[in-house]
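My numbering numbers the first residue of the sequence shown as 44 and each following residue consecutively.
Backbone N, C-alpha and C fix where the C-beta goes; we use that ideal spot for every residue, glycine too.
On a predicted model such as this, the values are computed, not experimentally measured, just so you know.
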Amino acid sequence: FRMPNYIAPVEDMMFLFDKLRNNKNYNEIEKYKEVNSELVKNILDEAAKLNQNIILPLAKIGDENPTVLENGVVRTPPGYREAYTKFIEDGWTSLSCDPKYGGQGMPKTVSAFFDEMLSSASLSFKLYSELSIGAYNCINHHASEEIKNKYLPKIVEGKWSGTMCLTEPVCGTDLGLLKTKAEEQSNGSYKINGQKIFITSGDHDLTENIIHLVIARATDSPKGTKGISLFLVPKFKVNEDGSLGPRNGISTGSIESKMGIKGSATCVLNFDDAEGYMIGPKNKGLNSMFTMMNLERIVVGIQGLGISETAYQNSLSYAKERKQGKSNNSKSTNGADYIIEHADIRKSLLNMKSIIEGERALCFWLSQQTEVSLYHNDEKIKKEASDFVSLMTPVVKTMFTDLGMEITSDAMQVHGGYGYTKDQGIEQLYRDNRITPIYEGTNSVQAIDLVFRKLINKNDDVIDKYINMIKKDINIENQKLKPFIDDFNNNLEILKTFTDWIKDKLQNSKDDASAACNDYLKTLGFVSIAHSWIKVLEVCFKEYDNNKDFYEDKIQTAKFYFKRVLPRAESHFKTATSGSDYIMNFKFN
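Structure below.
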């Protein structure tokens with residue numbers, strides 16, 4: 044039995060950081076002026092060592108020895124605790140947090156690369172710290188100073204972890220149905236009662252305390268989503284001086300038995316008169332929670348990207364060492380050729396590579412926009428970046444995870460029978476990734492969110508602004524780029540036509556729009572990845588002589604994307620615009 048290999052793609056990440064950090068607005072953010080290439084290279088090199096040597100082996104261990112619930116205590120797989128201790132000693136939880144609470148203040152342009160590496164190495168292990176960062180962001184944006192000072196330093200340090208508790212047996216995405224109740228006490232705290240399910244890292248033995256962010260309805264609040272508030276509910280109560288007090292009224296009912304990410308504890312949590320504190324304004328809990336959820340959705344996209352990278356690396360090395368059949372231009376006289384000589388295998392590998400590298404570039408673009416939306420001085424620039432981030436969030440979440448399913452499936456195919464057995468660890472990548480299109484709002488919910496809420500908001504035609512921004516962005520004079528830009532413009536026209544069709548249907552036929560949501564998201568996704576490829580190619584042609592091998596590899600990979608992947612945008616357009624009558628009028632027996 045061997046486990047998958049993984050070498051962090053530091054060179055590609057540094058290429059993006061050095062050459063595509065050309066967003067004028069991002070470069071105006073004062074606090075990131077110090078974050079230079081040398082510093083980032085050091086961080087990524089250290090991150091690579093940690094992920095390759097310490098975290099990668101945990102993937103297989105966690106799959107074979109899942110978390111268990113014993114006498115009310117959740118135990119993580121062997122080796123997790125030691126790895127987690129090193130993880131927080133080296134400061135990895137604090138990477139992107141505010142120095143005010145002990146963080147290192149790195150931008151998303153750096154922390155997103157670290158997220159990708161961790162996802163490539165072991166998604167199960169990653170989930171224990173990932174939600175802590177989500178909780179940190181939510182508390183930092185919405186809680187009182189007193190709560191921030193009491194809870195954030197320990198979360199940043201990694202000694203305490205965080206969760207988000209949304210789902211209940213009666214409500215997945217439809218949170219208006221939730222039943223968890225919060226009753227105000229005379230001292231201003233609340234007693235929380237109810238049950239939450241599917242809570243990632245809901246309980247475990249890695250941290251001294253777990254800070255649950257729970258949505259619940261105060262006893263005097265209205266029904267539906269308008270009556271939901273957000274509460275901070277710690278596993279152990281926290282004394283005035285910050286030390287741990289008695290256990291709160293939270294118990295773990297069970298751990299879900301899952302298809303993948305078995306090292307991650309997905310818990311049923313029971314809240315019985317648990318003490319909690321309201322965060323943000325009453326009945327506005329979903330707004331506060333969306334700070335956490337939106338960020339988390341992008342990070343789930345990055346999970347799909349990270350797992351795809353591991354699948355690709357192992358498929359490539361297997362194809363170079365496995366002999367099978369004679370290729371069309373076979374040189375060998377005695378026996379078989381390596382399967383990498385076969386056209387179909389090469390096509391599979393290039394499909395993976397061209398999608399992964401395009402996604403990584405798009406994600407880097409989005410990281411810059413995110414920082415601008417948070418920290419730029421000019422309100423107008425901030426608002427525009429914020430609109431772009433909200434537009435691209437469902438796209439990144441959905442595209443990267445759906446294509447992650449395609450890539451992990453193709454990786455199994457490249458490995459043949461060995462891919463289907465547990466020998467090579469490839470089928471685990473497929474199983475681990477299978478949750479990414481489901482959690483944090485299924486991909487169909489993301490598509491509905493995109494079409495019905497994000498394309499146009501109260502003040503702006505966001506999609507129009509985005510398309511115009513891209514048009515300006517690719518107005519590049521370069522003969523070598525011209526064929527790529529021509530291809531791109533054809534697909535941009537398709538996107539514009541599709542957008543006009545969708546806008547019309549939103550007014551005149553909601554069913555047509557609903558049935559087209561997923562296809563529209565895919566068309567937008569393939570075009571936005573292509574946009575990122577154009578930006579990469581611009582650098583490649585301009586600086587070709589400085590690094591011929593690297594840039595030639597990029598140009599050939601892009602060529603595959605434009606010829607073999609981008610055309611999918613049009614087929615989504617064609618099928619979607621055939622309408623929905625024949626779907627909605629069909630009689631299922």
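ASP466 counts as exposed, since fewer than 16 other C-beta atoms from the protein chains shown sit within 10 angstroms of its C-beta. Among the bridge pairs identified by DSSP, ARG389 is matched with none. Remark: three or more beta-carbon pairs, one from each stretch, lie closer than 8 Å, so the region 116 to 132 and the region 163 to 175 are flagged as touching. In the three-state scheme derived from DSSP, where H, G and I count as helix and E and B as strand, TRP135 is classed as coil. A contact is defined here as three or more CB-CB pairs under 8 Å, and the region 510 to 528 meets this definition with respect to the region 565 to 585. Residue environment: VAL439 is assigned as buried (16 or more neighbouring CB atoms within 10 Å of its CB, all protein chains considered).
The bridge partners DSSP lists for SER294 are ASN313. Residue environment analysis places VAL116 among the exposed positions, since fewer than 16 neighbouring C-beta atoms fall within 10 angstroms of its C-beta. No Cβ-Cβ contact shorter than 8 Å links SER391 with ASN48. Residues CYS140, LEU195, ILE198, VAL199 and GLY205 of the same chain have their beta carbon placed closer than 7 Å to that of TYR179, with the five preceding and five following residues left out of the count. Between LEU409 and MET435, the gap from beta carbon to beta carbon is short of 8 Å. Nearest C-alpha to ALA573 among ILE481, TYR563, PHE603 and TYR463: PHE603.
Residue LEU138 holds the alpha-carbon nearest to the alpha-carbon of LYS151 among PRO142, SER162, LEU138 and GLY145. According to the DSSP assignment, SER272 belongs to the beta strand (DSSP E) that extends over 271 to 277.
Straight-line spacing of the CA atoms in GLN228 and GLY319 works out to 10 Å.
Distance from the CA of SER307 to the CA of LEU112, rounded to the nearest whole angstrom, comes to 12 Å. In the DSSP assignment, GLU227 falls within the beta strand (DSSP E) that extends over 224 to 227. Here DSSP, grouped into helix, strand and coil, assigns LYS92 to helix. Of all C-beta pairs linking the region 503 to 515 to the region 443 to 455, fewer than three are shorter than 8 Å, placing the two stretches out of contact. Beta-carbon to beta-carbon, ASP106 and LYS305 are separated by about 5 Å, close enough to satisfy the 8 Å threshold.
Cβ contact annotation for GLY328 (same chain, cutoff 7 Å, sequence separation greater than five): ILE258, ILE271, SER272 and LEU273, in chain order. A direct Cα-Cα distance of roughly 16 Å separates ASP421 from PHE431. Apart from sequence neighbours up to five positions away, the residues of its chain that approach VAL53 with a beta-carbon distance below 7 Å are LEU87, ASP88 and ALA91, ordered along the chain. By the Cβ rule, the region 531 to 548 counts as touching the region 599 to 618, because three or more pairs are nearer than 8 Å. For the region 428 to 494, the continuous alpha helix (DSSP H) assignments of 4+ residues that do not extend past its boundaries occur at 460 to 463, 469 to 476 and 486 to 492, in sequence order. The residue among VAL311, LYS278, GLY285 and SER297 with its C-alpha nearest the C-alpha of ASN291 is LYS278. Under the criterion of beta carbons closer than 8 Å, CYS406 and LEU348 qualify as touching, at roughly 7 Å. Shortest Cα-Cα distance from ILE176 to any of ALA164, ASP158, ILE190 and GLU188 involves ASP158. Between the alpha carbons of LEU549 and PHE629 lies a distance of about 22 Å. Counting C-beta pairs closer than 8 Å gives fewer than three between the region 493 to 501 and the region 372 to 388, which falls short of the contact rule. For VAL343, the enclosing alpha helix (DSSP H) covers residues 328 to 364. Comparing alpha carbon positions, the residue from GLU299, ILE481 and ASN534 closest to GLN346 is ILE481. Going by beta carbons, PRO121 and PRO109 fall outside the 8 Å limit. SER351 has its alpha-carbon roughly 7 Å from the corresponding atom of ILE399. Between the alpha carbons of ALA490 and ASN561 lies a distance of about 5 Å. Under the DSSP assignment, GLU77 falls outside any beta strand (DSSP E); it carries neither an H nor an E label.
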